[in-house]
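Before any comments, here is the structure.
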Amino acid sequence: MSGKDKNGYGFTETLPPESVPAGPISEQAGAGPLAGRYDLLALIGQGGIGQVFGGRDRLLGRRVALKKLRAEFRSNPAARERFLKEARFVSQLVHPYIVSVHDIVECGGDVYVVMDLVEGRSLAEILYARRRLGLEECRGIFQCLCKAVKASDVYSLGVTLYETLTGQLPFPGPDFLAQKERMRHAPPQFLVAGLPNAVEPLMASVLEPDPRKRLQEAGELYAALKAL
645 MSGKDKNGYG
655 FTETLPPESV
665 PAGPISEQAG
675 AGPLAGRYDL
685 LALIGQGGIG
695 QVFGGRDRLL
705 GRRVALKKLR
715 AEFRSNPAAR
725 ERFLKEARFV
735 SQLVHPYIVS
745 VHDIVECGGD
755 VYVVMDLVEG
765 RSLAEILYAR
775 RRLGLEECRG
785 IFQCLCKAVK
795 ASDVYSLGVT
805 LYETLTGQLP
815 FPGPDFLAQK
825 ERMRHAPPQF
835 LVAGLPNAVE
845 PLMASVLEPD
855 PRKRLQEAGE
865 LYAALKAL
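Here is the structure:
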């Protein structure tokens, strides 16, 4: 579970049960399985440019997730290339805390990325329901994430950690530019009572505007969380 959605690259909106169709979408549309192998089932989530469907791999007899570009990006070469590039990159990663990419198939002008189907709720859904989590829950979640991302974007991990602990973004504002300007001139306000004194300086080091002064690796964040 992470800042990423549970079956793709970015937060998704989970759809209500009444929106789930009764059978494979491909069969309802009069088509067979994708690439002769994958049944396209219910739409289970969607983000800015992608949609994630439940699916079934007929060859291996297992459930999968299938992600494709939203219709409005289907004919956008740049969006399509980015979509494929990310899928190929993730397919090279093997880790228990990272969703595996198994296949890429094309059908009817659409490209589908076949991934593990991960059951459960995303962190975004949990925060929507509970607003924020306690330190112990946060520590367990983010130590797992630190193992997965290693030297990846520690800053974005810090933003997600801040939101998980406080229930709000570190630099709120009406738009991205206002948030970025605020980030340059003032540290985030950390207004949560009852946390160890070490939490606030840790968040300041993760969210430091100057990359040279910021915590450099997820391993450092892992060690700091473990010491809390």
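According to the numbering used here, the sequence shown holds residues 645 to 872 in order. Ideal placement from N, C-alpha and C gives every residue a C-beta, glycine not left out. Owing to the predicted nature of the structure, the values given are computational and were not obtained by experimental measurement.
Check: Local conformation of Arg828 per DSSP, three classes; Outcome: helix
Check: Unbroken alpha helix (DSSP H) run spanning Val757, endpoints; Outcome: Taken as a continuous stretch (DSSP letters only), Val757 belongs to no alpha helix (DSSP H), being part of the beta strand (DSSP E) at Asp754 to Asp760.
Check: Proximity below 8 Å, CB of Tyr866 to CB of Cys790; Outcome: yes
Check: Contact under 8 Å by Cβ, Leu713 with Gly691; Outcome: no
Check: Beta-carbon proximity of Val850 to Val793, cut-off 8 Å; Outcome: no
Check: Proximity winner among Leu777, Leu767 and Arg732, relative to Val757 (alpha-carbon distances); Outcome: Arg732
Check: Outcome for Ser766 when other beta-carbon atoms lying within 10 angstroms are tallied against a minimum of 16; Outcome: buried
Check: Same chain, Cβ closer than 6 Å to Ala868, five either side skipped, listed in chain order; Outcome: Leu846
Check: Length at least 3, wholly inside the region 677-753: the beta strand (DSSP E) runs in chain order; Outcome: 682-690, 694-701, 706-713 and 745-751
Check: Chain-order list of residues whose beta-carbon lies under 6 Å from that of Gly753 (same chain, five-residue window excluded); Outcome: none
Check: For Ala686 and Gly698, believed in contact at Cβ under 8 Å, the rounded distance; Outcome: 5 Å
Check: Close beta carbons around Arg783, own chain, < 7 Å, minus the five adjacent residues each side; Outcome: Leu869 and Leu872
Check: Exposure label - Gly764; buried when at least 16 CB within 10 Å; Outcome: exposed
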